[in-house]
Amino acid sequence: MYVGALELDVVLGDIRSLKEKRSAVRPVIAELRRRFEVAVAEAGHLDKHRRSLIGVAAVAADAGHVREVLDACERLVAGRPELELVSAHRRLLGPNDD
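So for the sequence shown, my numbering puts the first residue at 1355; every next one is plus one.
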């Protein structure tokens, strides 16, 4: 079993409140869940209006599939016009990791 985690640090466009931020981030999270069947949550920068850290997790029987899913998730977020992807960090845990 392989577990992959992806942290996507994004900057949002013209957002002036946390309510506007939620309305911009929620559809992205919902689309990631629906299209890729991954676990997703807003995991950081919760008190900032224009920043968000989106966390994505995937589990699969082989490492290649986990990488493909996380790559697709990163491409989806990077392609959203209302977001600017600042950085993406990933981790992969496999059967030989303690």
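Think of the CB as a built atom: it goes at the ideal place given N, C-alpha and C, for glycine as much as any other residue. No experiment lies behind these values; they were computed from the predicted model shown.
Exposed unless 16 or more other CB atoms sit within 10 angstroms - verdict on residue i
i, result
"Val1392", "buried"
"Ala1378", "buried"
"Ser1406", "buried"
"Leu1362", "buried"
Beta-ladder partner(s) of residue i, from DSSP
i, result
"Ser1406", "Val1364"
Pick from the options that is closest to residue i, judged by C-alpha positions
i, options, result
"Asp1451", "Pro1435, Val1440, Ala1417", "Ala1417"
"His1403", "Leu1362, Leu1366, Pro1449, Leu1360", "Leu1366"
"Pro1381", "Gly1358, Pro1449, Ile1408", "Ile1408"
Where residue i sits in the DSSP three-state scheme
i, result
"Glu1391", "coil"
"Glu1428", "helix"
"Leu1400", "coil"
"Ser1371", "coil"
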